[in-house]
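The opening residue of the sequence shown carries number 56 in the numbering used here; numbering runs sequentially from there. Cβ atoms here follow ideal geometry from the backbone N, Cα and C, with glycine treated the same way. Since this is a predicted model, take the numbers as computed values, not measurements.
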Amino acid sequence: MIGDIFLVRGGSKFSTAIVNAQKILYPKAKSSHIEFYLGDGSIIHSTGDNGVHLSFLLDELKDIKDEWKVIRLRGLTEQDTENLAKAAIFFLRQEYNVKYMMESVDNKSFCSELIAKIYMKANVTIFDGKDPGKIAPAHFDKEADLLTLWEDVTSEYHQIIKDIKEREFEYRFLHKTIQGALAKRHILSHARQNLSEVAAIISEETGDEGVSKLFDKAKRELSQSRTLDFWDENDTLPYKK
């Protein structure tokens, strides 16, 4: 389901170091990385090499140890999952926040910080609204062990993954289609911003504010009809409520 959280651990020494460093937060920490499930075989996560990006689930499973786990927040409504999907897409293309748990910024996110920001933007409270920059994979590990606010849905994903493997071409094609559509949306967004700047220059050079006002009106109408926003658009809302 959209919004499910994958708790994973890589096979590298670096992943082991991340897990060990988190034991001060939770002695039973197991995960070095967490990922947001967008549905239909696609996940959104933040990594040091690619920042916040979409990945195909089967590709990710090749790079992690077998003892992965998936948890789901109890009580999510259909509207919540829709809001979570839009919120997750909002953060695409952000850089990885290398100041892990030391400094939280709006335009960069490490893996668990990203998940906390997604839930915050969707107006779904987790960890009592704690600062996203202070949330580590270990905090999700603890919730996965307690299973009070979250439930373990790992068994569901064994079947989901089996289905994806049996129809891999279809799921991979869908994943690539989503990637392409979001990339096109991003290009159009920047074109809109560039046109706004051009309109402002024309108005300044000619002394006629009509061009700029006309464009601003059109932009407002387009913004009102948009269903998706991104963090790097000048006319979008920040993630904080």
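| message | the ligand GTP and R227: does any heavy atom of the ligand fall closer than 7 Å to the residue's C-beta? | response | Questions concerning the ligand GTP fall outside what the structure shown contains, since it holds no ligand whatsoever.
| said: In the DSSP assignment, the beta strand (DSSP E) including K124 goes from what residue to what residue? | reply: Within the sequence shown, the letter at position 69 stands for residue 124. Annotation: the continuous beta strand (DSSP E) that includes K124 extends over 124-128.
| field | Nearest to Y81 (by Cα), restricted to the options Q234, I216, L201, A171 | value | Here the question's residue 81 lines up with position 26 in the sequence shown. The candidate whose alpha carbon is nearest that of Y81 is L201.
| query | From which residue to which residue does the alpha helix (DSSP H) around S97 run? | reply | If you number the sequence shown from 1, residue 97 lands on position 42. No alpha helix (DSSP H) contains S97, which is instead part of the beta strand (DSSP E) from 97-102.
| field | Expected contact under 8 Å - CB spacing of M156 and A191 to nearest Å | value | Reading the sequence shown from its first residue, position 101 is the one you call residue 156. Reading the sequence shown from its first residue, position 136 is the one you call residue 191. Indeed, because the Cβ distance is near 6 Å, the residues count as touching under 8 Å.
| task | Go through its chain and collect everything with a Cβ distance to G106's Cβ below 7 Å, but skip five positions before and after it. | result | Position 51 of the sequence shown holds residue 106. The residues are R148, Q149, E150, Y151.
| query | Cα-Cα, which of I79, I126, H108, T136 is closest to V63? | reply | Walking along the sequence shown from the start, residue 63 turns up at place 8. Among I79, I126, H108, T136, the Cα nearest to that of V63 is on I126.
| request: Report the partner residues of V107 according to the DSSP bridge assignment. | output: Along the sequence shown, one-based indexing puts residue 107 at 52. Answer is S101.
| request: Quick one: residues in its chain with C-beta nearer than 8 Å to the C-beta of K120, no 5 flanking neighbours on either side, listed in chain order? | output: By one-based count along the sequence shown, residue 120 stands at place 65. Closer than 8 Å at the Cβ level, and outside the excluded window around K120, lie V63, R64, G65, G66.
| said: Assuming the contact rule is C-beta atoms closer than 8 Å, L15 and L204 should be a hit. Round their C-beta distance to whole Å, please. | reply: The question about residue 15 has no answer here: the residues shown for the chain are numbered 56 through 296.
| Among R222, T180, E225, I99, which residue has its Cα nearest to the Cα of I57? | Taking the sequence shown and counting its residues from 1, the one referred to as residue 57 is at position 2. Nearest of R222, T180, E225, I99 to I57, Cα basis: I99.
| So what does DSSP say about I79, is it helix, strand or coil? | For the purposes of this step, residue 79 is identified with residue 24 of the sequence shown, where counting begins at 1. Reduced to three states, the DSSP call for I79 is helix.
| From what residue to what residue does the beta strand (DSSP E) around Y174 run? | On the sequence shown, residue 174 is found 119 positions in, with the first residue counted as 1. Run containing Y174: none in the beta strand (DSSP E); it sits in the alpha helix (DSSP H), 166-176.
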